[in-house]
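In terms of this note's numbering, the sequence shown opens at residue 3 and continues consecutively. By construction, the Cβ of each residue, glycine as well, lies at the ideal position given by its N, Cα and C atoms. Take a look at the structure below.
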Amino acid sequence: MHALVEVHDDAELDRALAIDPTVVGVNNRNLKTFEVDIENTARLRARIPAGIAVVGESGSGKTTLALAIVRLLPETATVGGKIQYRRNGTEIEVLDLSNKEMRAFRWRDCAMVFQAALNAFNPVLKVWDQAWDTAKAHGWHDKTAVRAKLNDTLRFVQLDPGRAIDAYPHELSGGMRQRVLLALSLLLDPQILILDEPTTALDILTQRTIITLLRQLKEEQNFTMIFISHDLAIAAELADRIGTMYAGRLVEMGSSDDIFYRPRHPYTLGLIRAVPTVTGGFEELESIPGSPPDLVDLPSGCKFHQRCAFVSDKCRTEEPELDLVGPEHFAACWNWRDVEQQLVANPLHRGVQPTMMAPRQADRQPSEEQDA
């Protein structure tokens with residue numbers, strides 16, 4: 003399966019890449035919330051073999067991008083452009099789906115694991131009741147079959163079905179709730195799984211449990227994973243391709259190796275150099291000066307130019323489009339060659355290491371007792 007983030011009016015990029023069948027595409031998508039224009043635009047076609055991570059600071063538009071795909075933005079938001087999905091060779095325009103069709107699309111075709119698992123559950127229903135409601139809404143009528151499938155997905159996420167299936171959400175620990183939500187997202191075998199900060203607010207050992215399960219999912223299940231995170235180390239561990247978002251825009255997209263060792267956008271470079279490491283010698287951390295722009299009053303030109311060490315006069319007046327800077331590697335920067343030259347002189351030897359998060363401990367088998 004392949005996910006696609008694209009814009010059709012960019013003929014240069016259309017010619018640059020040959021694309022396999024698409025699972026999901028977002029084209030020229032503009033969001034307006036109240037009076038704030040947020041251009042969450044991914045201006046490229048890119049092969050995504052197994053998983054993509056979208057990274058960036060808080061408020062960069064990562065979650066907004068995900069919520070737009072499943073049409074869960076508030077009523078005050080409007081979405082323009084195209085969100086396309088391919089099912090069994092047929093291209094479907096998500097924005098044209100009726101409410102009934104959209105309910106079928108969610109969970110059956112595209113499931114989303116939300117950041118705060120407790121808030122995603124109905125607090126007065128047991129896990130089984132919520133799973134059965136979901137299955138019924140998608141045409142399942144055999145309780146025995148649904149229960150058997152739920153038992154299978156709970157076992158897959160290393161939980162005892164006998165303990166979890168009849169529990170209320172508040173009776174489960176944070177790590178167990180996150181795994182139950184992951185199990186529910188797999189109940190209907192979706193082709194797209196969106197994970198929004200699934201390890202935020204969890205302790206380091208529970209994070210390792212969730213990451214191990216996600217790596218196993220990526221290797222064993224036939225679907226596309228869209229992973230949203232501000233944690234670059236986790237993104238490095240899970241994703242084959244990385245997209246960097248800033249001020250509501252995708253500013254760089256490339257393979258994990260390209261992004262973490264050969265970034266071409268100053269913002270991506272700044273994020274990487276701000277990440278500490280627990281291996282090797284001590285390195286002084288760098289920071290990105292300033293703060294993200296006010297989305298109500300965005301600066302002219304490149305939205306990053308006020309914080310950029312590579313800024314030029316052109317950056318202040320003209321906004322760059324995503325440009326091909328390497329094989330299947332794109333960056334929206336007028337001065338990406340200057341970034342390249344700096345990395346030649348001062349390479350990122352360590353990049354971003356998955357081991358910065360926690361020792362894998364031989365990827366030990368997790369158990370619910372660790373989270374109790």
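Helix, strand or coil for residue i? Go by DSSP, reduced to three states.
i      : result
CYS112 : strand
PHE229 : strand
ALA68  : helix
ALA238 : helix
TYR170 : coil
ILE290 : coil
THR201 : coil
GLU103 : helix
THR246 : strand
GLY164 : helix
GLY303 : coil
ASN42  : Since pLDDT at ASN42 reaches only 42, below the 50 mark, its modelled position is unreliable, and no value is offered.
SER314 : coil
ALA55  : strand
ARG88  : strand
PHE332 : strand
ARG217 : helix
GLY141 : coil
ALA118 : coil
THR80  : strand
Quick test of your reading: residue i and residue j, contact by CB under 8 angstroms. State the CB separation rounded to the nearest angstrom.
i      : j      : result
GLY177 : THR214 : Going by Cβ atoms, the distance from GLY177 to THR214 rounds to 12 angstroms, so no, they are not a contact pair.
LYS305 : ARG251 : 7 angstroms
Whose C-beta lies closer than 8 angstroms to the C-beta of residue i among residues of the same chain, with five residues either side of it excluded?
i      : result
LYS220 : ALA52, GLY53, MET227, LEU240
LEU345 : ARG264, PRO265, LEU271
GLY328 : GLY256, ASP260, ARG264, ARG266
Could you work out which residue in the options is closest to residue i when comparing CA atoms only?
i      : options                        : result
LEU287 : ILE167, PRO278, GLY303         : PRO278
ASP233 : PHE225, ARG275, ARG264, ARG251 : ARG275
LEU297 : SER62, VAL148, ARG264          : SER62
ARG264 : ALA169, GLN343, PHE107, ALA70  : GLN343
GLU222 : HIS307, THR208, PRO200, THR155 : THR155
LEU326 : ASP144, TRP142, THR270, GLU254 : GLU254
VAL182 : ALA55, ALA133, LEU324          : ALA133
ASN158 : ARG217, PRO200, GLY91          : Before going further, note that residue 158 is Phe rather than Asn in the sequence given. The residue with the shortest Cα to Cα distance from PHE158 is ARG217.
PRO200 : ARG339, LEU350, ALA122, ASN337 : ALA122
ASN90  : SER100, ASP111, LEU99, ALA166  : ASP111
VAL126 : PRO329, ALA169, PHE262, ALA249 : ALA169
PRO171 : ASN153, MET104, ASN124, THR92  : ASN124
VAL56  : LEU99, TYR248, GLU93           : TYR248
Can you list, in chain order, the residues of its chain whose CB lies under 7 angstroms from that of residue i, leaving out five sequence neighbours each side?
i      : result
ASP198 : THR65, ALA68, MET114, VAL115, PHE116, GLN117, ILE230
MET3   : Residue placement at MET3 is flagged as unreliable, the pLDDT there being 36, under the threshold of 50; the coordinate-derived value follows with that caveat. Only VAL25, GLN193, ASN224, PHE225, THR226 meet the Cβ criterion.
TRP109 : THR136, HIS140, LEU190, PRO192
GLY292 : GLN308, ARG309
PHE312 : PRO268, ASN337, ASP340, VAL341
TRP142 : VAL148
Return the chain-ordered list of same chain residues with a C-beta closer than 6 angstroms to the C-beta of residue i, the five sequence neighbours on each side being excluded.
i      : result
HIS331 : GLY256, ASP260
ASP131 : none
GLY303 : CYS317, ARG318, THR319, GLU320, GLU321
ASP11  : Here the model assigns ASP11 a pLDDT of 38, short of 50, so the residue's position is not dependable, and the following value carries that caveat. Answer for ASP11: no residue qualifies.
TRP336 : LYS316, CYS317, PRO322
ILE167 : VAL129, TRP130
I want to see whether chain C comes within less than 8 angstroms of residue i, judged by CB atoms only; does it?
i      : result
MET114 : Looking at the structure shown, chain C is missing, and only one protein chain is on hand.
Using a threshold of 8 angstroms, state whether the C-beta atoms of residue i and residue j are closer than that.
i      : j      : result
SER258 : ILE236 : no
LEU195 : SER187 : yes
GLU95  : LYS102 : no
HIS267 : ALA347 : no
ALA185 : LEU161 : yes
PRO295 : PRO301 : yes
GLN209 : ALA119 : no
GLY58  : THR202 : no
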